[in-house]
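Okay, so the sequence shown: first residue is -4 according to our numbering, each after it adds one.
Yeah, the Cβ is synthetic: ideal placement off N, Cα and C, and Gly gets one too.
To start, the structure itself, in C-alpha coordinates.
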Amino acid sequence: MRRYIASLGPYVESKGLKTVQSTHYNEMILLTRVLNRLAGKPLGSAIALKTTSVKNNGKPYFPGKRDPRPSQVTITDVRSNKLRYNEYEPANTIATLVNHTANTVTGVVRAKMIVDLGAVRPLAEEKAFTIKSGETRKWRFT
(Lines of atoms letter the chains of each structure in order from A and count residues from 1; the text may use other names and numbers.)
(Lines give C-alpha, C1' and ligand atoms only; values in the text may rest on other atoms or scores of the structure.)
Protein backbone atom coordinates (compact mmCIF):
# COMPACT_ATOMS: atom_id res chain seq x y z
CA MET A 1 0.00 0.00 0.00
CA ARG A 2 2.85 2.40 0.85
CA ARG A 3 4.55 1.74 -2.51
CA TYR A 4 1.27 2.36 -4.33
CA ILE A 5 0.70 5.65 -2.49
CA ALA A 6 4.28 6.72 -3.20
CA SER A 7 3.81 5.95 -6.91
CA LEU A 8 0.99 8.51 -7.06
CA GLY A 9 3.11 11.24 -5.44
CA PRO A 10 4.61 12.70 -8.65
CA TYR A 11 1.13 13.35 -10.03
CA VAL A 12 0.21 15.55 -7.07
CA GLU A 13 3.42 16.86 -5.47
CA SER A 14 5.56 17.81 -8.50
CA LYS A 15 6.90 21.37 -8.42
CA GLY A 16 5.20 23.61 -10.99
CA LEU A 17 2.49 21.03 -11.69
CA LYS A 18 -0.43 22.68 -13.47
CA THR A 19 -2.65 19.69 -14.29
CA VAL A 20 -3.46 16.37 -12.68
CA GLN A 21 -5.16 13.57 -14.59
CA SER A 22 -8.56 12.98 -13.06
CA THR A 23 -7.86 9.28 -12.48
CA HIS A 24 -4.82 10.08 -10.32
CA TYR A 25 -6.67 12.88 -8.49
CA ASN A 26 -9.60 10.57 -7.78
CA GLU A 27 -7.26 7.81 -6.56
CA MET A 28 -5.53 10.22 -4.18
CA ILE A 29 -8.87 11.44 -2.78
CA LEU A 30 -10.08 7.87 -2.36
CA LEU A 31 -6.86 6.73 -0.67
CA THR A 32 -6.91 9.71 1.69
CA ARG A 33 -10.48 8.98 2.74
CA VAL A 34 -9.83 5.25 3.20
CA LEU A 35 -6.67 5.80 5.25
CA ASN A 36 -8.36 8.46 7.41
CA ARG A 37 -11.26 6.10 8.07
CA LEU A 38 -8.87 3.27 8.99
CA ALA A 39 -7.01 5.64 11.32
CA GLY A 40 -10.27 6.70 12.98
CA LYS A 41 -9.97 10.33 11.84
CA PRO A 42 -12.95 12.42 10.74
CA LEU A 43 -13.47 12.24 6.97
CA GLY A 44 -14.39 15.83 6.16
CA SER A 45 -15.35 16.80 2.65
CA ALA A 46 -13.33 16.59 -0.55
CA ILE A 47 -11.81 19.77 -1.95
CA ALA A 48 -13.82 21.17 -4.85
CA LEU A 49 -12.04 20.72 -8.16
CA LYS A 50 -12.07 23.52 -10.72
CA THR A 51 -12.16 22.46 -14.36
CA THR A 52 -11.78 24.43 -17.56
CA SER A 53 -13.03 23.61 -21.02
CA VAL A 54 -10.56 22.95 -23.79
CA LYS A 55 -10.87 25.31 -26.75
CA ASN A 56 -12.60 23.62 -29.66
CA ASN A 57 -10.66 23.97 -32.90
CA GLY A 58 -13.55 22.53 -34.92
CA LYS A 59 -11.80 19.24 -35.68
CA PRO A 60 -13.14 15.98 -34.21
CA TYR A 61 -10.92 14.34 -31.61
CA PHE A 62 -9.91 10.70 -31.98
CA PRO A 63 -7.86 9.09 -29.19
CA GLY A 64 -4.53 7.79 -30.47
CA LYS A 65 -4.64 9.87 -33.67
CA ARG A 66 -2.58 12.94 -34.58
CA ASP A 67 -1.91 15.00 -37.68
CA PRO A 68 1.38 14.47 -39.57
CA ARG A 69 4.13 16.93 -38.65
CA PRO A 70 5.87 18.83 -41.45
CA SER A 71 9.39 17.63 -42.34
CA GLN A 72 9.12 14.58 -40.05
CA VAL A 73 8.05 10.96 -40.00
CA THR A 74 5.00 10.84 -37.73
CA ILE A 75 2.94 8.01 -36.25
CA THR A 76 -0.53 9.35 -36.98
CA ASP A 77 -2.69 6.51 -35.70
CA VAL A 78 -2.43 3.43 -33.47
CA ARG A 79 -5.29 0.92 -33.33
CA SER A 80 -5.51 -2.41 -31.53
CA ASN A 81 -8.22 -5.06 -31.69
CA LYS A 82 -8.33 -5.12 -27.86
CA LEU A 83 -8.53 -2.42 -25.24
CA ARG A 84 -8.36 -4.73 -22.26
CA TYR A 85 -6.81 -8.15 -22.33
CA ASN A 86 -5.39 -10.82 -20.08
CA GLU A 87 -1.65 -10.96 -19.51
CA TYR A 88 0.19 -12.44 -22.54
CA GLU A 89 -3.02 -12.69 -24.57
CA PRO A 90 -2.20 -11.66 -28.17
CA ALA A 91 -3.52 -8.39 -29.54
CA ASN A 92 -3.21 -7.26 -33.16
CA THR A 93 -2.13 -3.64 -33.58
CA ILE A 94 -1.77 -1.40 -36.64
CA ALA A 95 0.31 1.78 -36.55
CA THR A 96 0.05 4.29 -39.40
CA LEU A 97 3.24 6.20 -40.25
CA VAL A 98 3.46 9.21 -42.58
CA ASN A 99 6.70 10.53 -44.12
CA HIS A 100 6.53 14.29 -44.70
CA THR A 101 10.26 14.66 -45.34
CA ALA A 102 11.85 15.21 -48.74
CA ASN A 103 13.75 11.91 -48.59
CA THR A 104 13.15 8.20 -48.15
CA VAL A 105 13.70 7.27 -44.51
CA THR A 106 15.07 3.89 -43.41
CA GLY A 107 15.40 2.85 -39.80
CA VAL A 108 14.20 0.71 -36.93
CA VAL A 109 10.59 0.83 -35.72
CA ARG A 110 9.89 -0.42 -32.19
CA ALA A 111 6.68 -0.85 -30.24
CA LYS A 112 6.81 -0.75 -26.45
CA MET A 113 4.05 -1.12 -23.87
CA ILE A 114 4.15 1.09 -20.78
CA VAL A 115 3.00 -1.33 -18.11
CA ASP A 116 3.38 0.90 -15.04
CA LEU A 117 5.35 3.93 -13.90
CA GLY A 118 8.86 3.20 -15.12
CA ALA A 119 8.01 -0.31 -16.35
CA VAL A 120 8.22 -0.80 -20.12
CA ARG A 121 7.88 -4.04 -22.07
CA PRO A 122 9.12 -4.38 -25.69
CA LEU A 123 6.39 -5.71 -28.00
CA ALA A 124 7.69 -5.69 -31.58
CA GLU A 125 10.54 -4.46 -33.74
CA GLU A 126 11.19 -4.12 -37.47
CA LYS A 127 14.87 -3.47 -38.17
CA ALA A 128 14.63 -2.58 -41.86
CA PHE A 129 11.63 -0.26 -42.07
CA THR A 130 11.63 1.99 -45.15
CA ILE A 131 9.10 4.70 -45.96
CA LYS A 132 9.33 6.86 -49.08
CA SER A 133 8.84 10.62 -49.16
CA GLY A 134 5.12 11.48 -49.01
CA GLU A 135 4.15 7.86 -48.31
CA THR A 136 1.65 6.67 -45.71
CA ARG A 137 2.45 3.18 -44.51
CA LYS A 138 0.82 0.79 -42.04
CA TRP A 139 2.89 -1.35 -39.68
CA ARG A 140 1.16 -4.42 -38.23
CA PHE A 141 2.38 -6.31 -35.19
CA THR A 142 1.05 -8.76 -32.61
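Quiz item: Can you give the beta carbon distance from V93 to P63, rounded, assuming they're within the 8 Å contact cut?
Solution: V93 to P63, Cβ: 4 Å. Contact.
Quiz prompt | Assigned secondary structure, S75 (DSSP; H/G/I helix, E/B strand, else coil) | solution = Note: S75 maps to strand in three-state DSSP.
Practice problem: In the DSSP assignment, find the unbroken beta strand (DSSP E) run with E130 in it and report its ends. | Solution: Premise fails: E130 is in no beta strand (DSSP E) and is neither H nor E.
Quiz item: Where K60 and T71 are concerned, what is the direct C-alpha to C-alpha distance, given to the nearest angstrom?
Solution: Each residue's alpha carbon lies about 5 Å from the other.
Quiz item: What residues match up with T92 in a beta bridge as DSSP calls it?
Solution: Correcting the residue type first, residue 92 is Leu in the shown sequence and not Thr. I70 and R132.
Practice problem: Would you tell me roughly how many angstroms separate the C-alpha atoms of V103 and R135, rounded to the nearest one? | Solution: Within the model, the alpha-carbon separation for V103 versus R135 is close to 14 Å.
Quiz item: Near A90, what residues of its chain come up, given a Cβ to Cβ distance below 6 Å and the 5 sequence neighbours on each side ignored?
Solution: Closer than 6 Å at Cβ, skipping near neighbours: I70, V73 and W134.
Quiz prompt | Residue from R105, V100, A119 and G113 with nearest C-alpha to K127 | solution = Among R105, V100, A119 and G113, the Cα nearest to that of K127 is on V100.
Practice problem: Under 8 Å by Cβ, that's how I've got L26 and I0 pegged, so tell me the actual separation to the nearest angstrom. | Solution: That pair is a contact at about 6 Å.
Quiz item: How is L118 classed by DSSP in three states: helix, strand or coil?
Solution: Annotated three-state conformation of L118 is strand, per DSSP.
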